[in-house]
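First comes the structure, then the notes that go with it.
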């Protein structure tokens, strides 16, 4: 039987880190094919390769049995593969019709855009899908669900044979999601294939014909959903192997270093409360978009909360900006290293001392010798490999960049350390070093809040584990007695 | 500093060359241009001519040092030329013979520039308006204010000590000595103080700087204030040199100042650059101008050549960075 699309042995690395390892995928016309896996399993990368946004390092793509090489997303679109990503990227100031036909507008003589035809063709597409939307509406006035519909229309206007949807219902209400499902049924009947990425297993079982599971950049299985149960799927997603756990040292006595009470931020998270004691590592698990990063950023003042209370060693603190948090003894290592972590063209030294430069100043003058000594100590302690302490951080590998960012937080001598995905995008060896370091920091009495998408990491490092789902705490678990399956159960939106 | 491990010999030598070029390329270009001019026109290398070059670049040099502070933060200051006129006129009104001691017009001129710069900075940071727009507005408004203060006429009849600022001390023009002092202090400031370091950080990554606890608005406002104060100093020196406060002086000076900084390797997107480069950039522009004058190249062609140099310098800079 001929596949519409076949991906064979796709491999892809980013700056030396392998994110896809010989993954194969087949899709046939008129099929809804679900793609599932934990965060970081490689789903998005694989889809970006299919849609021409990334080129694979090795492996082959076959469309209708013919090998294809897409140079960019437009080439993939012309060949019939459209991707609707999580972040919709419409042209906000243009109309629905202009967005739908962007790049292939009907033209009359002289190359002028034929506006009546543009409007008519858009109306035809809208009618085919049974959607009521005005072709003349400005994109910026639409709701997210409507923008998504416009993206689907755009795919249809390009006669897409395969539409890739990445978490399409993550920003939709139930009613809007129902409308989307009807459209999907309709697409299936017309013979359009859909690859559907979702964390919501209920949707997967309801919509999809087959499912492919990825884990750690590798293919785990592709099977018919008719032969699969949700429990089987979760087991396939998390795998059975569990990392050996380090020895737990829970010390929950005395007053907490940090306590958060009823913290909330409209539209992001609500009523989040927890304590962290000196020497304790508190893990927070949750899926993408559950609000984990938002909570940490609120405590650190990057995006302050609008409800609730933060107390440090039993004193209430007001955190309106990161400087307030630093003064109170709170440090953050952000998951977005590039945006919040380092200044790319400044050197290792300058980045490392940025938050604590005052310590090496006398009478307004930087004591370069003292600064260099402090930096050299950190470089040794972290094993940072660079061409010198003045080398721009942008030139370092991801792992070394992350160590610089960690070292900077530590030089500011925080009592409380918020770590957001501290091992994202760094190689295995560096990961183990960072794990070791986190455990050591806790032993020295720092209170640590650890957010990670990697459950084995959370299970082996945390003393206690909170689960966040759709902006709310849904469980507090003992890492000794829980399982990845149980965590996922609490993390799944319901 | 050894280059990072390279994959092959050509890549390694390219990298070594890039490193060398980034450090000494501009000084090398200056030497080549200077040597060429000396060969073509012996008059170039005379002490009198070299002093002349130095005097010609000193106003632009002071402005370029000031705008370097702003460019490092990732901003831009288009108001410098108008501030030169405004502060020159304001200083001149305090510099009539017998009115005030000479320190008063100098101080008033510098403070006036600093105040305008502080307004730029505050509007940019508090109003969250693009630096290009705010300083463009200040450029127009300050020019208007200069005309208001002077009633549209040059302010002349200036005191002896004030006019002496445009002359020489121990054989060196005062404005050159001022430029050297300003550049020296600025170089030390950027390398050795916290605010100096922070200027680079804010321009390199504003979000990360905020996350590291820096007071980003204060740092930016500081940069514009310095830039304005140095424009004030340049305005005072220019008024002394031409013995009048000219409300129409300094048109487009900001562009030459930005050009000098950019030729000197300061990035318009912020976070990269320095005073030494800016000084060399101003010097290179001055030497080429002077040389072309000596070679009797028409000033029309000179402008074309200057334009090509500005773009070429940035192109080379960009190329070696990537």
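Protein chains in written order, with this note's numbering: chain Z, 58 to 551; chain L, 46 to 367. Heads up, the beta-carbon is just placed ideally off N, CA and C, and yes, glycines get one too.
For the C-beta of residue 397/Z, the chain L residues within less than 7 Å are, from N- to C-terminus, 252, 253 and 256. Taking C-beta atoms as the reference points, residue 183/Z and residue 175/Z fail to come closer than 8 Å. Rounded to whole angstroms, the separation of the alpha carbons of residue 497/Z and residue 482/Z is 22 Å. In the assembly as shown, residue 183/L is a buried residue. Its beta-carbon has 16 or more other beta-carbons within 10 Å.
The closest CA to that of residue 387/Z, considering only 347/Z, 524/Z and 466/Z, is found on 466/Z.
Here residue 336/Z really is in contact with residue 500/Z; their C-beta atoms are around 7 Å apart, less than 8 Å. DSSP, reduced to helix, strand and coil, places residue 218/Z outside both helices and strands of the structure shown, so it counts as coil.
In this structure, residue 110/Z sits away from residue 136/Z, with a CB-CB distance that is not shorter than 8 Å. Looking from the CA of residue 180/Z, the closest CA among 138/Z, 150/Z, 194/Z and 169/Z belongs to 194/Z. Cβ contact annotation for residue 163/Z (same chain, cutoff 8 Å, sequence separation greater than five): 170, 171, 174, 175 and 178, in chain order. Contact between residue 61/Z and residue 80/Z is absent: CB atoms are separated by about 17 Å, not below the 8 Å threshold. DSSP, read as helix, strand or coil, puts residue 446/Z in coil. Between the stretch 140 to 155 of chain L and the stretch 75 to 86 of chain L there are fewer than three inter-stretch CB-CB distances shorter than 8 Å, so the stretches are not counted as touching. Not a single CB atom of chain Z sits nearer than 8 Å to the CB of residue 321/L. Around the C-beta of residue 253/Z, 16 or more other C-beta atoms lie within 10 Å, and the residue is accordingly described as buried.
Listed by position along chain L, the residues whose Cβ is nearer than 8 Å to that of residue 379/Z are 255, 256, 257 and 258. In the structure shown, the three-state DSSP call for residue 537/Z is coil.
Residue 152/Z and residue 233/Z have their alpha carbons spaced roughly 21 Å apart.
Secondary structure remark: continuous alpha helix (DSSP H) runs of at least 4 residues inside the stretch 414 to 446 of chain Z, in chain order: 425 to 439.
DSSP places residue 90/Z inside the beta strand (DSSP E), whose first and last residues are 89 to 93. Using a Cβ-Cβ distance cut-off of 8 Å, the stretch 252 to 264 of chain L and the stretch 150 to 159 of chain L are not in contact, since fewer than three pairs of beta carbons, one from each stretch, lie closer than that value.
The C-beta of residue 373/Z comes no closer than 8 Å to any C-beta of chain L. When DSSP reads this structure, residue 203/Z sits in no beta bridge, so it has no partner. Looking at the DSSP output, residue 284/Z shares a beta bridge with no other residue. Residue pairing of residue 68/Z in beta bridges, as defined by DSSP: 115/Z. Boundaries cannot be given for residue 90/L, as no beta strand (DSSP E) includes it and DSSP labels it neither H nor E. Ranked by Cα distance from residue 323/L, the first of 303/L, 297/L and 101/L is 303/L. Within the stretch 65 to 85 of chain L, no residue has its Cβ closer than 7 Å to any Cβ of chain Z.
Note: residue 83/Z is bridge-paired with 63/Z in the DSSP secondary-structure output. In this structure, DSSP gives residue 217/L an extended state, which the three-state scheme calls strand. For the 8 Å CB-CB criterion, residue 247/L and residue 261/L form a contact. In the structure shown, residue 478/Z falls within a coil segment according to DSSP collapsed to helix, strand and coil. Bounds of the beta strand (DSSP E) holding residue 315/Z are 315 to 322. Per the C-alpha coordinates, the member of 325/Z, 246/Z, 124/Z and 223/Z positioned closest to residue 260/Z is 223/Z.
For residue 246/L, the nearest beta carbon of chain Z is closer than 8 Å to its own beta carbon. Three or more beta-carbon pairs separated by less than 8 Å link the stretch 348 to 358 of chain Z to the stretch 375 to 392 of chain Z, which places the two stretches in contact.
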